[in-house]
Amino acid sequence: MIDKTIADTAAAVAGIADGSTVMIGGFGRAGQPVELIDALIDHGASDLTIVNNNAGNGDVGLARLLSTGRVRKIICSFPRQSDSWVFDDLYRSGRIELELVPQGNLAERIRAAGAGIGGFYSPTAVGTELAEGKEERVIDGRRYLLEYPIHADVALISALRGDRWGNLVYRETARNFGPIMAAAATSTIAQVDEIVPLGDIDPESVVTPGLFVDRVVAVGERAWLQDGAFIGGVDLEGRPLATEENA
Amino acid sequence: MIDKTIADTAAAVAGIADGSTVMIGGFGRAGQPVELIDALIDHGASDLTIVNNNAGNGDVGLARLLSTGRVRKIICSFPRQSDSWVFDDLYRSGRIELELVPQGNLAERIRAAGAGIGGFYSPTAVGTELAEGKEERVIDGRRYLLEYPIHADVALISALRGDRWGNLVYRETARNFGPIMAAAATSTIAQVDEIVPLGDIDPESVVTPGLFVDRVVAVGERAWLQDGAFIGGVDLEGRPLATEENA
Amino acid sequence: MSTRISRQDLAARIAADIPEGSIVNLGIGAPTLVADAIPAEAEIILHTENGMLGMGGAPAADQVDPDLINAGKQAVTARAGAAYFHHADSFAMMRGGHLDVCVLGAFQVAENGDLANWSTGAEGAIPAIGGAMDLAIGAKDVYVMTDLLTRDGASKLVARCTSPLTGVGCVSRVYTDHAVFDVTPDGFRVREAFGDNTVASLAELTGLDLGGE
Amino acid sequence: MSTRISRQDLAARIAADIPEGSIVNLGIGAPTLVADAIPAEAEIILHTENGMLGMGGAPAADQVDPDLINAGKQAVTARAGAAYFHHADSFAMMRGGHLDVCVLGAFQVAENGDLANWSTGAEGAIPAIGGAMDLAIGAKDVYVMTDLLTRDGASKLVARCTSPLTGVGCVSRVYTDHAVFDVTPDGFRVREAFGDNTVASLAELTGLDLGGE
C-alpha cells in the first residue's frame with residue numbers, strides 16, 4: 001500500500017540537508033506553507049537557497065526563516081513589500097544574496113525543470129538590464145532570451161486536501177506556485193488542511209497528481225487564515241496602498 | 001454580455017479559410033470533435049494543414065476529412081493504426097504530406113505556442129534520424145534538440161461542458177489535446193455535449209478558461225460514444241492487438 | 001484653472017475605454033482603481049497573475065478570505081464564471097498574447113513606447129519586478145496610468161527612459177492626470193486633454209514634440 | 001526441451017519485478033499484458049500518456065467507455081486515486097523523469113542500450129512514433145518486452161541497431177521469451193535464463209558475447 005501521509009511536520013521535513021535548494025510555495029502569504037517552514041526552522045538546516053515569489057512578509061513563515069540567518073540566497077521576483085522588513089534589513093546589510101527573476105520567467109523556469117526542458121526562449125526582459133549576460137535569439141522576427149530551468153532539492157507547498165497517494169487540490173489563489181514546484185523538486189512535501197480517503201478527490205479535478213508528491217502532512221485548519229494580517233496591497237514602490245501619496 | 005455560444009456547427013466553423021492550419025483535438029477517437037469536422041467538410045475549406053496526434057480512424061471524423069482531398073499536410077505522431085486506411089492510401093500514393101513528430105514534442109510544441117515560448121530544448125529524439133537538421137545543444141551534460149512552437153489558425157476541440165464565457169471541462173482521457181490546442185490557435189471552436197449556465201462550473205475545476213475559446217456549440221450526447229467502434233488497440237506494427245501473431 | 005483630474009476620474013476614463021468582453025490585467029498600485037470603475041454589469045474579465053480569471057471587487061469586511069487575493073495581495077472576490085490556475089498557466093496566458101489590455105503604473109514612458117516601472121535605479125533601493133516585464137511584452141495593448149509629473153515636477157513622459165527598462169516599445173497609450181496620450185510612430189500624440197490643458201501646454205510641461213503645429 | 005515461455009508468463013515475470021508504489025507506463029502492444037499480470041491489490045500506479053494516472057484493467061463489456069482509453073486506444077478503467085490531465089502535462093511527467101519504469105516493445109536492442117522500435121525502415125512502411133521516443137528518454141528504467149528472435153530467426157538483441165533508433169543508450173533490461181538480459185557497461189548479461197536456455201545457448205542464438213567464460 002502506498003501511504004505518503006506523515007504524522008507531523010517535524011517528521012515531514014526530516015532529512016533536509018544543509019546547502020539545499022528549497023522551493024517554497026505561496027504568493028505573499030496565500031499558499032505559503034507556514035507550518036512546514038516553522039518545522040524547517042526547528043529542523044535547523046542552514047546555508048539554504050530559497051525559491052519563492054517574494055521574500056517574506058511580517059515576522060512569520062518565510063520571513064522568520066530568513067531571520068534565522070540560515071538562508072544564503074533567495075531567488076524571487078518581488079522581494080520589496082510593505083511588510084518585508086526582515087529581508088530588507090538582510091539585503092541592505094549584504095547578508096543575503098538576491099537573484100531577481102521576472103515572475104513569468106520564474107514560473108516558466110520552474111515548470112521547465114519539472115517537464116524535462118533543457119532551456120527555452122522567453123520573450124520577457126528583452127532589452128532590459130536583466131537581459132545582460134543572457135543569450136538573445138531572434139525567432140520569427142521576435143527577440144527572445146534563453147532561460148534555464150530552476151531545479152530544487154526540496155519543495156515545501158501548501159494545499160487544501162490530499163490523499164495517501166499524494167494527490168492534491170488547492171484553494172482559490174493559494175494554488176499559485178504549488179503545482180509547478182511539486183514537479184520541479186527531487187522531494188516534495190505538502191502540508192494540507194485535511195487528508196481525505198483515496199478516491200474522495202474527483203479524478204477530473206486533481207491539480208497535482210500524486211507522482212509529484214513524496215510526503216503529505218495534515219495541519220488542520222490554518223489559524224492564520226483568520227488573523228486578518230493578510231490584507232492590504234502595495235504600490236509600485238512597495239508602500240501600503242492605503243497611503244495615497246504615490247502615483 | 002459575453003456570449004460565445006453558437007447555435008449550430010455550421011455557424012461555428014464559418015470563416016475557416018482555405019490554406020488554414022487547423023488543430024484537431026483527440027487521441028484516436030477520444031476527444032475527436034467529430035461533429036465539428038463534419039461541419040468543416042460541409043464548409044468546404046481546402047488546402048488545409050491538420051495537426052492531430054493521429055491520422056484518422058475508420059471512415060468518420062478526421063478520416064472522412066482526409067478522404068475529401070482537402071488536406072495538404074498532416075502533422076502528427078502516430079498515423080499508422082489498424083483503421084487508418086484512408087490516410088494509408090493517401091500517403092502511399094503521395095497525395096498527402098506527413099510531418100512526423102514524437103508525441104511529447106508535439107504536445108510541448110503546441111503548449112509552447114500558447115505560452116509565447118519562442119523555442120525550447122527537448123530531450124526527445126536525440127541521436128535518432130528525427131534529429132536531422134535540428135540544432136543540438138548540451139546543457140548540464142545532457143543532449144537536447146531545439147524545437148519550435150506549432151501555431152494554428154483554428155483549433156477544433158471537443159469537451160464535455162462549456163459555458164457562455166467559453167470555460168470548458170472535459171471527460172476522462174478525452175481531455176488529451178483540447179486544452180493545449182485551445183491556447184495555441186488564433187481561433188478556438190469547441191463542441192460540447194452540453195452548455196451550462198455561467199457559474200455552474202466550479203472555478204477550481206475549470207480546465208480550459210474561457211479566454212482561450214472563441215465559439216462554443218452544443219452537440220448533445222455524442223451518438224458515437226455508444227456505437228462500439230472505438231474498442232481495440234494496435235500493436236507495434238499497427239495491427240489490431242487481438243491478432244496474436246506479432247511480437 | 002483646472003489642469004488635473006482625480007485618480008478616480010482617471011480610472012473611470014480608462015474603464016470607459018475598455019470594450020465589453022476584454023480580458024484585462026490591472027497592475028498593482030493605482031491601476032487597481034480601474035476595477036472599481038468598471039460597472040458591475042459589464043462583462044470585462046479581470047485576470048490576476050497570481051492565478052485567477054473573473055476577479056471581482058473587494059469583499060465585505062466579514063467576507064475577507066486570505067486565500068483569495070489579487071497581484072497586489074489585496075482581498076478580492078470571484079465572479080460567476082471565474083477560474084483558478086497555477087502560476088505557469090497564468091503567465092502562459094499573459095506571455096502567449098491572450099490578454100487584451102493591461103494597465104500598469106510607470107516611473108517613465110518614452111516616446112518610442114519604452115516603459116520603466118520597476119526600479120528608479122536609486123542607490124540602496126530594493127529591486128522588485130513581479131509580473132510587470134511579462135505584462136509589458138504579453139498584453140495586446142499596454143496602457144499606462146500615472147501622474148504626468150513626478151513630485152519634483154519632472155515629466156514622466158520622456159524622449160528616452162533613464163530609469164531601468166521594464167519593456168521595449170511596449171506601451172500603446174498613457175493615461176495621466178493631465179491628458180491621455182497615444183504612442184505613435186511619430187512619438188506621443190494627445191488623444192484627449194483634460195480641463196484647460198492644450199497640446200501646447202502639455203508640450204511645455206513634458207518638453208516633448210507632441211505634434212502641435 | 002523447453003526454451004520459450006509464453007507471453008503471459010513473461011508479463012507476469014515483469015510484473016513481479018516492479019516494486020509496489022512504482023509509477024509505470026506500459027507501451028502499446030505486448031507490454032499491455034503486464035497490466036493484467038499485476039495483482040489487483042498491488043498499488044502500482046499505471047500512467048497512460050494519453051492523460052491518466054491510476055489506470056485500471058479492462059472494463060466489463062457493458063462498462064466500456066470510449067472516452068476512457070489507454071495509449072493503445074483500448075478501453076480501460078480508472079482506479080480510486082486516479083487523475084486525468086492534458087497531453088502536455090502527461091508528457092511533462094514522462095520527460096521530466098517522474099516515471100519509474102516503462103515497458104516497451106522493440107524491433108532491436110543494441111548492447112549499448114540503444115533501442116529501435118518505431119520503424120523497420122522497410123520501403124513503403126508508414127512510420128509512427130507516438131510516445132516511444134519520449135518514454136525512452138524519460139523513464140528512470142526502460143524495460144523492453146519482446147520475443148528474442150524475429151519470425152525469420154534473427155536475434156532482436158544486436159551489437160548495433162540497423163533499424164532507425166528510438167532512443168540512445170536508454171534500455172536497462174530486456175525481457176524475452178528465452179531469457180532476461182541486463183544492459184551493462186560490458187554489453188548484455190543474462191539475468192535469468194528460462195527453461196533449458198543457458199548463457200552459451202543464448203550467446204549462440206544472439207551471436208553476442210554475453211560474458212560466459
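Protein chains in written order, with this note's numbering: chain A, 1 to 247; chain B, 1 to 247; chain C, 1 to 213; chain D, 1 to 213. Glycine included, each C-beta is placed from N, C-alpha and C at the ideal position.
Here residue 207 of chain C has 155 as same chain residues with Cβ atoms under 7 Å from its own Cβ, once five neighbours each way along the sequence are excluded. Taking C-alpha positions only, residue 205 of chain B is separated from residue 116 of chain A by approximately 26 Å. At a cut-off of 8 Å, the C-beta of residue 32 of chain A has no neighbouring C-beta in chain C. Straight through space, the alpha carbons of residue 140 of chain B and residue 51 of chain A are spaced by roughly 20 Å. Of the residues assessed, residue 99 of chain B falls on the exposed side of the cut-off, its CB having fewer than 16 other CB atoms within 10 angstroms. At least one C-beta of chain B is nearer than 8 Å to the C-beta of residue 50 of chain D. Note that the segment 75-85 of chain D touches the segment 51-62 of chain D; at least 3 beta-carbon pairs, one per stretch, sit closer than 8 Å. Residue 101 of chain A has its alpha-carbon roughly 27 Å from the corresponding atom of residue 135 of chain B. Of the candidates D:46, D:35, D:199, D:105, D:105 places its Cα closest to the Cα of residue 173 of chain D. When Cβ-Cβ separations below 8 Å define contact, residue 99 of chain B makes no contact with chain D. Between residue 19 of chain B and residue 177 of chain B, the C-beta spacing is not below 8 Å. Assigned with DSSP and collapsed to three states, residue 165 of chain C falls in coil, not helix or strand. Per DSSP, residue 94 of chain C is one residue of the alpha helix (DSSP H) stretching across 87-95.
Distances from the CA of residue 23 of chain C to each of B:150, B:133, B:210 were compared; the closest alpha carbon is that of B:210.
Nearest Cα to residue 23 of chain B within the set B:153, B:103, B:68: B:153. Residue 91 of chain C has a beta carbon lying within less than 8 Å of a beta carbon in chain A.
Look at the beta carbons and you see the segment 4-15 of chain D not touching the segment 113-132 of chain D: under three pairs across the two are nearer than 8 Å. Interface with chain D (8 Å Cβ-Cβ cutoff): residue 204 of chain A is included. Three or more Cβ pairs drawn from the segment 123-136 of chain D and the segment 58-77 of chain B lie within less than 8 Å of each other, which places the two stretches in contact. Setting aside the 5 residues that flank it on each side, residue 198 of chain A is surrounded in the same chain by 163, 164, 165, each with a C-beta closer than 7 Å to its C-beta; the list follows chain order. According to the DSSP assignment, residue 81 of chain A belongs to no beta strand (DSSP E), since it is labelled neither H nor E.
Annotation for residue 35 of chain C: 26, 46, 57 place their beta carbon closer than 7 Å to its own, counting only its chain and skipping 5 residues before and after. Distance between residue 107 of chain D and residue 180 of chain B, taken at the CA atoms: about 32 Å.
Under the DSSP assignment, residue 172 of chain C falls outside any alpha helix (DSSP H), being part of the beta strand (DSSP E) whose first and last residues are 171-176. For residue 163 of chain A, the chain D residues whose C-beta falls within less than 7 Å of its own C-beta are 81, listed in chain order. Take residue 91 of chain D, set aside five residues on each side of it, and the residues of its chain with a beta-carbon closer than 6 Å to its own are 134, in chain order. Ranked by Cα distance from residue 40 of chain D, the first of D:16, D:31, D:63 is D:16.
For residue 97 of chain D, the chain A residues whose Cβ falls inside 8 Å of its Cβ are 116, in order along the chain.
Here residue 5 of chain A has 164, 195, 216 as same chain residues with Cβ atoms under 6 Å from its own Cβ, once five neighbours each way along the sequence are excluded. The shortest C-alpha to C-alpha distance from residue 179 of chain D to any of D:48, D:149, D:163 is the one to D:149. Bridge pairing for residue 48 of chain C: C:52 [DSSP]. When rounded, the separation of the alpha-carbon atoms in residue 159 of chain C and residue 198 of chain C is 19 Å.
Contact annotation, residue 161 of chain A with residue 126 of chain A: C-beta distance approximately 41 Å; criterion of less than 8 Å not satisfied.
Between the C-alpha atoms of residue 3 of chain B and residue 42 of chain B there is a straight-line separation of about 25 Å. Residue 53 of chain C reaches chain B at 209, 210, 211, counting residues in chain order whose Cβ is nearer than 8 Å. Contact between residue 116 of chain D and residue 170 of chain D is absent: CB atoms are separated by about 11 Å, not below the 8 Å threshold.
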